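Chains as they are written, first to last, in the working numbering: chain A, -1 to 284; chain B, 2 to 488.
Cβ coordinates follow ideal geometry from the N, Cα and C atoms, glycine included.
As the structure is a prediction and not an experimental result, all values here were calculated from the model.
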Amino acid sequence: MELWFTENHTDSIKFSIKIKRHLVSEQSEFQKIDILDSYELGRILVLDGFLMLTEKDEYIYHEMITHVPMATNPDIKRVLVIGAGDGGTIRELTRYGSIEHIDMVEIDRRVVEICREYLPQTAGKLDDPRLTIYYEDGLKFVRGRENEYDLIIVDSTDPFGPGEGLFTKEFYGNCYKALTSDGILVNQHESTFYDEYAEIMKRAHSRIKSFFPTALVYSAHIPTYPSGHWLFGFASKRFDPRRDQQADWWLAQGIRTRYYNQYVHSGCFALPNNVRDVLRETPAAK
Amino acid sequence: MCGVREMKLDQSRAPLYEAMREHRLNRVVPFDVPGHKGGRGNRTLTEFLGENCLKNDVNSMKPLDNLCHPVSVIKQAQELAADAFGAENSVFIVNGATGAVQAMIMSLCKAGDKIILPRNVHRSAINALVVCGAIPVYVNPGVNGRLGIPLGMTPEEVERAVVANPEAKAVLVNNPTYYGICSDLKKIVEIAHRHGLKVLCDEVHGTHFYFGEGLPISGMAAGADMSAVSVHKTGGSLTQSALLLLGKGINPDYVRQIINLTQTTSASYLLMASLDLARQNLAINGREFYAKTLENVNYARGEINAAGGYYAFGSELCDGGAFYGFDGTKLSVHTRAMGLAGIEVYDLLRDEYGIQIEFGDIGNILAIITGGDRTLEIERLISALSEIKRLYGRSPVGLYDHEYINPTVDMPPQAAFYAERETLPIESTAGRICSEFVMCYPPGIPILAPGERITADILDYISFAKEKGCSLTGCRDMRVEFLDVVK
């Protein structure tokens, strides 16, 4: 018998992985949570049928969403992470001794509990003493904060389902308010290759641009995500990650990475024309 | 406060829905209208609305009864609805609650008969007066100065009007107003009945009073004689479907004749089936659904008030008089204190945040929240309001401070509407008698109705509403630059 996990990348394109065992299948209050064990990609986290991470390539996403902002402003002390129930982003952040406090806001407690049990590779640092986990709606949490964080990382699911509120104008505006005057906002920014994702990415980018003087997009190659070419948003009140990159400081931290390095840092902002074309069509929302 | 009623019939049945399902299963060959023939005649429409929808869009026939003359499944469905709402009889209405309001008034009033009503009624009530020639006796609603909104009627004011007009036929009561405010209905019924008048309830915004707990009393429970219930608003049926509820002393066959004067003879089975299924669902799940509704609204009200700037008002304003009761399911929010007209907040929510609410007027907005909303959407509304305050809030200086002006009625609506008219630039109409309607829609409460004296104050209000972007309707001149006045 053969067992395959299939994710629909579009209505007419499928991506399939041969599975060894189905370890968890649970309907939480918010979504369907599945953990699968595969032959080539290790364990896989799936939410509502969408692949969130595989043990084989999760480091690319998690390194890129954290080290780019961290190597831009060494004075980042207080960090807010929204989403990130698998713990991968927290794992990367805890490698910086310079960070004093991390608040993580995940709407679904069961994602965290299940990842702690079945995905220690990503969830292994969720007991760091600098970390406080809040189980609530990200939009609600950030609404109540003002001038508190040097960095906000939005490590969200796709903008359908529980992550929907994290792609809205009201969310980005509230993030702006929650950030200090040095603040940086980094978010999972979908991809432009397939039309459906491109629209979402365009809208999100335009909304962010309406609040932040610097709003850039950078990319990484993530083999198991639709199209393999994934984008991140970098928005900031003061810093430009290309001009202000602190390569020497970052190297001195001695953090061993498998994807990110000082060359990738400057290179990832160099966007191919097919992304630049989409971005140019994206004026700042009023 | 209403408790939950005992129902006598088997509310799990839905006779019209069941008959329509059976009709489909019988695969009857349709050589009758509608001509789209189950959707095959219009592919785009079928793709857009769905095949089931088109297949169920059928016409009256023996097995499916006829709304103009109900003898079988529609009759049974209406009996179940009457049982569920605690009425003696009920009638399905497919012309919106507007149809139900007009049927109530026209069933009790002929030309020249008087009817006592608050001036802040929906246009549908005054329309009925234009059509049937009844004479309004307005009871001025109380006004809350801080919020600038009209309230309910006090029993004392009603009694004064009843005593002064002993020949009047009926009293009409909003239960509740659009903003959620209730009068002391039980007492008003008692006064009216003591003087031999019938009581009509405009319960267009009150379907949930019949099924929820901890809500103001419903018309039928208070002993009212007729009630117009807009089931599509908060009861879950399709837009434009409504119920007319009748109490003990009302002859249902005469009411049917009155309805048939103006209602379509091709009543939509989609609308009627939606009424049947909404009633079934409310009877079975209504209590739970409205408990969830109240929980959602109370949460939103608390968060909005905690954020400051806005005032999401509630039962703390109840004063035993014109603000006798409050419908807790209404999220009515006063916006003027942070320098924004309600209509401005309404437009910002839609244009900047992709959130559509029910209405915004000069000083307030109203959002309809039900048990069908998800937490994440409620969070979006609260967060967007907090962003609007941060980005657009300003000093309230220069904002118009009232929502409602009690007009003087100098001519009956029908006489003024059909009188010889003169069209004048709006700014030069002060002192004249208006012969048409002017209103912001929504909420659809006339600023001017036919027969009312135009004043400088009213013209200021209209010009402010226009400037802030309210959608003004009712006049012949769609741009509201000219008004028709009585010659």
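- Message: Is it the case that the segment 55 to 71 of chain B contacts the segment 12 to 27 of chain B, given that we only count it when at least three CB pairs across the two stretches are under 8 Å?
- Response: By the Cβ criterion, the segment 12 to 27 of chain B is in contact with the segment 55 to 71 of chain B, since at least three pairs of Cβ atoms, one from each stretch, lie closer than 8 Å.
- Item | Bounding residues of the beta strand (DSSP E) (the contiguous stretch that carries Val34/B) | Note, Val34/B: premise wrong, no beta strand (DSSP E); not H, not E.
- Query: Using a C-beta to C-beta distance shorter than 8 Å, which residues of chain A count as neighbours of Tyr179/B?
  - Reply: Within 8 Å of the CB of Tyr179/B, no CB atom of chain A is found; the nearest one sits about 26 Å away.
- Query: Quick one, which residues of the segment 164 to 190 of chain A are near chain B if we go by CB-CB under 8 Å, in chain order?
  - Reply: Thr166, Lys167, Glu168, Phe169, Gly171, Asn172 and Lys175
- Task: Quickly, what does DSSP pair Val4/A with across the bridge? List them, please.
- Result: Correcting the residue identity first, residue 4/A is Thr in this sequence and not Val. Per DSSP, Ser14/A.
- Task: To the nearest angstrom, report how far apart Gln258/B and Leu173/B are at their CA atoms.
- Result: 21 Å
- Message: Can you tell me whether Pro426/B is helix, strand or coil according to DSSP?
- Response: DSSP places Pro426/B in strand when its eight states are reduced to three.
- Can you find a heavy atom of the ligand FMN that lies under 7 Å from the Cβ of Arg25/B? Annotation note on the ligand FMN: not contained in the displayed structure, which lists no ligands.
- Flag this pair as touching only if the segment 226 to 244 of chain A and the segment 38 to 54 of chain A have three or more C-beta atom pairs under 8 Å; answer yes or no. no
- Query: If you scan the segment 189 to 215 of chain B from start to end, which runs of the alpha helix (DSSP H) of 4 or more residues do you find wholly inside it?
  - Reply: For the alpha helix (DSSP H) assignment, the segment 189 to 215 of chain B encloses no uninterrupted run of at least 4 residues.
- Query: Which residues in chain B sit within 7 Å of Asp106/A, going by Cβ to Cβ distance?
  - Reply: Neighbours of Asp106/A on chain B: none; closest Cβ ~12 Å, over 7 Å.
- Under a Cβ-count criterion, where at least 16 other Cβ atoms within 10 Å of its own Cβ denotes burial, should Ile1/B be classed as buried or exposed? Since the first residue of chain B shown is 2 and the last is 488, residue 1/B is not available in this structure.
- Message: Under 8 Å: do the segment 78 to 97 of chain B and the segment 237 to 251 of chain B share three or more Cβ pairs, one atom per stretch?
- Response: yes
- Please name the residue in Glu317/B, Gly146/B, Val140/B and Ile150/B whose C-alpha comes closest to that of Arg161/B. A check of alpha carbon separations from Arg161/B across Glu317/B, Gly146/B, Val140/B and Ile150/B identifies Val140/B as the nearest.
- Does DSSP put Tyr270/B in a helix, in a strand, or in coil? Tyr270/B: helix per DSSP, three-state reduction.
- Using a Cβ cut-off of 7 Å, pull out every chain B residue sitting near Glu197/A, in sequence order please. Correct list: empty, because the minimum Cβ distance to chain B is about 14 Å.
- Message: Could you check whether the Cβ of Lys138/A sits closer than 8 Å to any Cβ belonging to chain B?
- Response: yes
- Where the alpha helix (DSSP H) through Phe139/A begins and ends: Gly136 to Arg141
- Item | Under 7 Å from the C-beta of Thr376/B: neighbouring residues of chain A | Asp135
- Query: Distance, Cα to Cα, Val334/B vs Ala457/B?
  - Reply: 28 Å
- Message: Helix, strand or coil, according to DSSP, for Tyr147/A in the structure here?
- Response: strand
- Query: Using a C-beta to C-beta distance shorter than 9 Å, which residues of chain B count as neighbours of Arg141/A?
  - Reply: Within 9 Å Cβ-Cβ: Glu304, Ala308, Glu380, Ile383, Ser384, Ser387 and Glu388.
- Message: Against chain A, does Arg391/B count as a neighbour if the rule is that its beta carbon must be under 8 Å from one of theirs?
- Response: yes
- Query: Is the segment 276 to 284 of chain B touching the segment 118 to 129 of chain B in the sense that three or more CB pairs, one from each, lie closer than 8 Å?
  - Reply: With the cut-off at 8 Å, the segment 118 to 129 of chain B and the segment 276 to 284 of chain B do not touch.
- Query: Among Val59/B, Asp203/B and Arg337/B, which one has its Cα closest to the Cα of Arg120/B?
  - Reply: Nearest C-alpha to Arg120/B: Asp203/B.
- Message: I'd like to know if Gly4/B contacts chain A, where contact means its C-beta is closer than 8 Å to some C-beta of that chain.
- Response: Its pLDDT being 46, under 50, Gly4/B is placed unreliably in this model, and the coordinates cannot settle the point.
- C-beta neighbour in chain B for Pro157/A, strict 8 Å: Cβ-Cβ to chain B under 8 Å: no for Pro157/A.
- Task: Have a look at Ser238/B, Ile363/B, Cys319/B and Gly309/B and flag the residue whose alpha-carbon is nearest the alpha-carbon of Ala282/B.
- Result: Residue identity check: residue 282/B is Asn in the sequence provided, not Ala. Comparing Cα-Cα distances from Asn282/B to each of Ser238/B, Ile363/B, Cys319/B and Gly309/B, the minimum goes to Ser238/B.
- Query: If you follow the beta strand (DSSP E) that His41/A is part of, which residue opens it and which one closes it?
  - Reply: It should be noted that the sequence gives Arg, not His, for residue 41/A. Arg41 to Leu45 is the extent of the beta strand (DSSP E) around Arg41/A.
- Message: Going by DSSP in three states, Cys266/A sits in which element: helix, strand or coil?
- Response: In the structure shown, Cys266/A adopts coil according to DSSP, grouped into three states.
- Item | Sequence-distant residues of the same chain with beta carbon closer than 7 Å to Gly326/B, five excluded per side | Cys183, Pro217 and Cys319
- Query: Does any C-beta atom of chain A lie closer than 8 Å to the C-beta of Tyr462/B?
  - Reply: no
- Where Leu129/A and Leu149/A are concerned, what is the direct C-alpha to C-alpha distance, given to the nearest angstrom? 14 Å
- Assigned secondary structure, His65/A (DSSP; H/G/I helix, E/B strand, else coil): helix
- Query: Going by the beta-carbon positions, is the gap between Thr155/B and Gly146/B smaller than 8 Å?
  - Reply: Cβ atoms of Thr155/B and Gly146/B: not closer than 8 Å.
- Query: With a cut-off of 8 Å, does the C-beta of Glu353/B fall near any C-beta of chain A?
  - Reply: Interface residue, yes.
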